[in-house]
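Residue numbers (UniProt numbering): 1 to 523.
Laid out in C-alpha cells, this is it:
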C-alpha cells in the first residue's frame, strides 16, 4: 500500500483501500428527505440504553468484588499507586474514579454502580464514530443500537467493577487506530495513546488489545515506501510501555506471586462460556439447548461476513484485532490462566458493529440472522432482568437475616475466603467479627486487612466458645464450602444452617450454634 507524508494532516496518510469511499450502502440517512438526523437517532439510542442500564440497578446486592470497589479507595492515593499496585490485580484508575464518584453522588449500591452506567453510555457515541469511520453511517447507527441492547453490555454497565470503564477507554484507542489507518494522523495518535494508557491503568489485560492494535496498525506501514510512519508508530508504543510501566510491573508481580491462582486452567468449555456471554450475557441458562443459540448467531454472522465482507479497514479493526486478542489471551493462559468472560467485554463493540453491517446486506443471511439475533438478545435481556436475588452473593439479605444476632453482639466467624467488609457494608455496627484461621495457614489478604482489620480465631478457641454456650454464627462464601468438612472438624454439629442458592450453587451459607435467626432465607 503506498504511503505519503501529508502536510495538511501532519503525518503519514495511507491511501485506499483503508479510506472508506462514499457509496449508496454508506450514505447518510439524514440526507434522505424526511429522515431523522444521525445525531437525533444517536440521542434516542443513548436514552433507551440509559433506561435499560438504570432499570433494577440496585436490585441485587453488591457481591464481594463490588464491595471491595466500595472501600479500596479509602486507603489513599499513595497506597493505591505504590503498595497497592503489587497487591491488587486491577490498577488504580477505576478505584480513583469510584472514590471521586462516591464523594460527589453518595455511596449507595445503585450510586456506586452508576459510574459504570455512565461509562457504558459514553461508549455508545464512541462506538458510533468507530462504525462510521469503518462501515458507514447506517451500519454505525444500527450497530450502536444493538450495542445499547446487548445483554452483556447491560450486565457490565450494572457492575461496580472496572469493565465498563475499560470498554470506553479501549473505544478511544480503537477510534484513534481507525483514523490513523484512514490517513488522519493529527490528533488521532494522541487519542490512541491516551485511550491505551487509560485502559492499561484500568485493567492490565488491555495489554493484549493494545498489542493487537499495534500489529494491525503496523501492517500498512510496513508496505509503504517510507519509514517515518512506522517509526512514529513504534515510538508511540515505546512511549506507551514507558507510561504504563508501573501497571505492567505490577501485573508481572501478580503472576510471579501466584495471586491469580484462583483462575481455572485453560479448558475447552471456557470458549463456549465466552462465546455465550458475548452474545447473550452471563445469566444465559446453562441448558445445552440454550447454548446452541449463541453459537448459531455467531455462525450466521461469520457466514454473512464471508458472503459480504466489510471494507478492509473495518475487517482489520473489527475482526483481526479481536482475533489477535483471543490468540494472545489463549497463549498467555498456557502459562498463567486469564481466560475469563469479563476480559472479552470490549469485543461487544466490534461484534455489534459487524452485526449492523451484516443486517444491512441483502440476501438470505440477513433473513436468517435477524430472527436469531432478536431471540438471543431478547432471551438474554429477560435473563438479565428476571434473575433471582441470589444471582450474586446476596450480602444485603444475609445481613438482614442475621441482624438480630448481630444486634445481640453474637460472635461472627468468617470463612478464610470471606471478608469482613461484606458484612460491614450492610451492618456497620454489631457482632464480634473474626476470621477463621486456615489450616495450613494461608496468605492473608493484606489489602482487606488494611481496610477492615479482623482478628483470626482458631478452631480450638471457636470450639471453646461454642461449648461455653456463646451464640456463634459462621458465614461462608462458596469458595469456603469446598473445605467445609475439615473446617468443622473438632467443632460441635451446627444447630442450624441457611443457604442462599442460585441454579443449584450455594452462594453463601450461614451456620449457627446456641441460637437461631428469626426466619429462614429464600433461595
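Every residue, glycine too, gets a C-beta built ideally from N, C-alpha and C. Since the model is a prediction, treat every value here as computed from it, not as a measurement.
Helix, strand or coil at residue i [DSSP, three-state]
i           : result
residue 430 : coil
residue 207 : helix
residue 101 : helix
residue 39  : helix
residue 84  : helix
residue 68  : helix
residue 269 : helix
residue 502 : strand
residue 57  : coil
residue 232 : helix
residue 532 : Beyond the ends of the chain as shown, which are 1 and 523, falls residue 532; an answer cannot be given.
residue 301 : helix
residue 250 : helix
residue 436 : strand
residue 22  : With a pLDDT of only 39 at residue 22, under the threshold of 50, the placement of this residue in the model should not be trusted; the figure read from the coordinates follows. Of the three classes helix, strand and coil, the one that applies to residue 22 here is coil, per DSSP.
residue 456 : strand
Distance CB(residue i)-CB(residue j) smaller than 7 Å
i           : j           : result
residue 456 : residue 435 : yes
residue 481 : residue 506 : yes
residue 314 : residue 144 : no
residue 50  : residue 121 : yes
residue 293 : residue 376 : yes
residue 173 : residue 187 : no
residue 167 : residue 345 : yes
residue 159 : residue 116 : yes
residue 451 : residue 423 : no
residue 165 : residue 94  : yes
residue 197 : residue 243 : yes
residue 155 : residue 350 : no
residue 475 : residue 414 : yes
residue 360 : residue 266 : no
residue 399 : residue 426 : yes
residue 527 : residue 61  : What the structure shows of the chain is the stretch from 1 to 523, and residue 527 is not part of that stretch, so it cannot be assessed.
residue 273 : residue 380 : no
Delimiting residues of the beta strand (DSSP E) encompassing residue i
i           : result
residue 132 : Not the beta strand (DSSP E): residue 132 falls in the alpha helix (DSSP H), residues 109-134.
residue 476 : 472-477
residue 412 : 411-414
CA-to-CA distance, residue j to residue i, given in whole angstroms
i           : j           : result
residue 578 : residue 58  : For the chain, the structure presents residues 1 to 523; residue 578 sits outside this window and is missing.
residue 30  : residue 38  : Bear in mind that the predicted position of residue 30 carries a pLDDT of just 47, short of 50, making it unreliable; the figure below should be weighed with that in mind. About 6 Å.
residue 42  : residue 127 : 11 Å
residue 27  : residue 75  : Below a pLDDT of 50, predicted positions are generally treated as unreliable, and residue 27, at 43, falls in that range; no measurement from the model is reported.
residue 513 : residue 68  : 29 Å
residue 63  : residue 129 : 34 Å
residue 490 : residue 382 : 46 Å
residue 23  : residue 138 : Any reading at residue 23 needs caution, since the residue's pLDDT is 36, under 50, leaving its predicted position unreliable; the model's value is listed next. Looking at the two C-alpha atoms, the distance is approximately 11 Å.
residue 385 : residue 56  : 7 Å
residue 334 : residue 322 : 19 Å
residue 163 : residue 66  : 12 Å
residue 465 : residue 477 : 22 Å
residue 296 : residue 430 : 52 Å
residue 370 : residue 352 : 13 Å
residue 86  : residue 254 : 7 Å
residue 132 : residue 257 : 44 Å
residue 70  : residue 261 : 24 Å
Opening and closing residue of the alpha helix (DSSP H) in which residue i lies
i           : result
residue 286 : From DSSP, residue 286 is part of no alpha helix (DSSP H); its letter is neither H nor E.
residue 482 : Per DSSP, residue 482 belongs to no alpha helix (DSSP H) and is neither H nor E.
residue 157 : 151-157
residue 372 : 364-385
residue 324 : 321-333
residue 460 : 459-467
residue 350 : 348-359
residue 160 : That residue, residue 160, is in no alpha helix (DSSP H); it is neither H nor E in DSSP.
residue 90  : Per DSSP, residue 90 belongs to no alpha helix (DSSP H) and is neither H nor E.
residue 76  : Premise fails: residue 76 is in no alpha helix (DSSP H) and is neither H nor E.
residue 424 : 420-424
Presumed contact (8 Å Cβ cut-off) between residue i and residue j, rounded CB distance
i           : j           : result
residue 217 : residue 233 : 6 Å
residue 432 : residue 411 : 5 Å
residue 200 : residue 247 : 5 Å
residue 170 : residue 209 : 6 Å
residue 310 : residue 354 : 7 Å
residue 525 : residue 348 : There is simply no residue 525 to check, as the chain begins at 1 and stops at 523 in what is shown.
residue 176 : residue 191 : 4 Å
Neighbour flag for residue i against chain C, beta carbons, 7 Å
i           : result
residue 485 : In summary, chain C is missing from the structure at hand, where a single protein chain is found.
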